[in-house]
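Residue numbers (our numbering): 200 to 289.
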C-alpha cells in the first residue's frame, strides 16, 4: 500500500514539519533532485549551505537513514514519488 510506504519512510518528517513549521520534506526533495549537492540545494531553496547540512542531518536522525547509503536514498525517493502520486502531483 502506497500510504503505508509513505508513512514508514516520511511519516516522521511530515509530523516534524507540521509540529515545528519546518521544511524537511521539501528539503529532502530538493536535495535528491540536486544529486545531493549541498550548494545547489541551498541555492534552489534560498538558504545557507549550513542550513541544508543541518536539515539533512535532522532528516537522517528522524528517519533512521543515511543519505550516503544507496538503499536509504532509494527508499526515501520512492516514498517521495509515491507521496506525489497519492497527492496527484505526479
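Think of the CB as a built atom: it goes at the ideal place given N, C-alpha and C, for glycine as much as any other residue.
Here residue 254 is buried, its C-beta having at least 16 other C-beta atoms within 10 Å. Per DSSP, residue 257 is one residue of the alpha helix (DSSP H) stretching across 248 to 262. Annotation for residue 228: the continuous alpha helix (DSSP H) segment containing it runs 223 to 232. Taking the Cβ atoms as the reference, residue 205 lies roughly 7 Å from residue 285, within the contact range of under 8 Å. DSSP places residue 285 inside the alpha helix (DSSP H), whose first and last residues are 269 to 285.
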